[in-house]
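Residue numbers (our numbering), protein chains in the order written: chain A, 1 to 206; chain B, 1 to 206. We put the CB at the ideal spot given by N, CA and C, even for glycine. Fair warning: this is a prediction, and the values are worked out from it, not measured in the lab. Report on the structure given below.
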């Protein structure tokens, strides 16, 4: 119920979903811009250029979840016992408007935000006997396409568990190079996400 | 873009999100009912009482994902190698209106649908070195609260990977008893889902 404007009057309503830049859409005859719904979300920055933690990100579309996924060999772990998890849960989310546009075009539209939500692992609650479920949120990271703002088009941000704003990570951060080298499409690891993998238009190419 | 009605005219718009029964809401002056958005989804049955596979369920809120979660001891598996997954991925989703109502009341409103999406496990795509990511959807199961329709208030359905309609599972199916005995709140295993766990009003009790 929070985060949604209830509209009861008579007026022209512009549906911003599917349009980049939807955050600033307003009802005709009103000065206050309508708040973007989670489906329409686009990045919002403060005066110092820091990204604000997006409201309603938990309602974005989860395009895939992984467990213990790592791109480095690390120490060659041996075998694990039945209660030893392979690592943390990583869920990747995107606002529905950007997911729809990606499917149509094969690239992400300007002002796309992808969220990486990292969750702890739990095993304690009954009747669990085997396997692993998500504990609390440990960190929220964002990957934002903003062509006029970031060199290379994309910026990474780390909000931690509860941070309300974050500065863009510097270009030396390892995420930039790894995404540029290994992401399947448009700087995004679509190869790992069942709701994106093979869903972008081939015409637009990787 | 599919599944959303674009409204450009002048008229009274009723926002059905947050109202149970939103599927049948219509714009004033029109006979065709507006299609429910994923945020508003409620169960729809055919003439024979079978549940139709909900459109847009992938846009519901993912309240938690688990891996290999099992409520039976089974064969006490020994240790697993680094490339042996603990089991399949299970994601649980709910329409945003029902999630909001649960948080307010501590029980799920009538016509709540919870989806259990079972995904295969993959390890092949580079640059993965360790851990597991989701393969394709193997099965979609639904848990539906419909007080006037199901004994005990809830019914279970299994659509498989691609089924378009499903009959309610009979009362002898093991899911009914296990949920009744072990679910933390209102027949739902909220103890396993970070977006529901501890989020329902305590006043309403389990």
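- Restricting attention to A/68, A/43, A/136, A/93, the CA atom closest to the CA of residue 82 of chain B is found in A/68.
- Take residue 120 of chain B, set aside five residues on each side of it, and the residues of its chain with a beta-carbon closer than 6 angstroms to its own are 135, 136, 138, in chain order.
- Assignment of beta-bridge partners to residue 188 of chain B by DSSP yields B/185.
- The contact set of residue 106 of chain B on chain A, defined by CB atoms closer than 8 angstroms, is empty, because the minimum CB distance reaches about 15 angstroms.
- Contact annotation for residue 191 of chain A against chain B: 125 [CB-CB distance below 7 angstroms, chain order].
- Put simply, of A/47, A/35, A/55 the residue whose alpha carbon is nearest the alpha carbon of residue 162 of chain A is A/55.
- A distance of 9 angstroms or more separates the beta carbons of residue 71 of chain B and residue 186 of chain B.
- For residue 154 of chain B, the enclosing beta strand (DSSP E) starts and ends at 154 to 158.
- Along the segment 34 to 64 of chain B, the positions whose C-beta sits under 7 angstroms from a C-beta of chain A are 58, 59, 61, 62, 64, read in chain order.
- Going by DSSP, residue 133 of chain B is part of the beta strand (DSSP E) stretching over 130 to 145.
- Looking only at A/39, A/73, A/171, the smallest Cα-Cα distance to residue 60 of chain B is reached by A/39.
- DSSP, reduced to helix, strand and coil, places residue 174 of chain A within a helical segment of the structure shown.
- By a beta-carbon distance limit of 8 angstroms, residue 144 of chain B contacts residue 113 of chain B. Their separation comes to about 5 angstroms.
- Per the coordinates, the alpha-carbon of residue 199 of chain B lies some 33 angstroms from the alpha-carbon of residue 130 of chain B.
- For residue 115 of chain A, the uninterrupted beta strand (DSSP E) segment begins and ends at 113 to 122.
- Pairing residue 190 of chain B with residue 35 of chain A, the inter-Cα distance amounts to about 30 angstroms.
- Bounds of the beta strand (DSSP E) holding residue 92 of chain A are 89 to 94.
- When the alpha-carbon of residue 110 of chain A is set against those of A/153, A/141, A/88, the nearest one is in A/153.
- Identification of chain A residues near residue 67 of chain B by a Cβ-Cβ cut-off of 7 angstroms yields 67, 131, 132, ordered along the chain.
- With fewer than 16 other Cβ atoms inside 10 Å of its own Cβ, residue 173 of chain A counts as exposed.
- Note that the C-beta distance between residue 192 of chain A and residue 175 of chain A is not below 9 angstroms.
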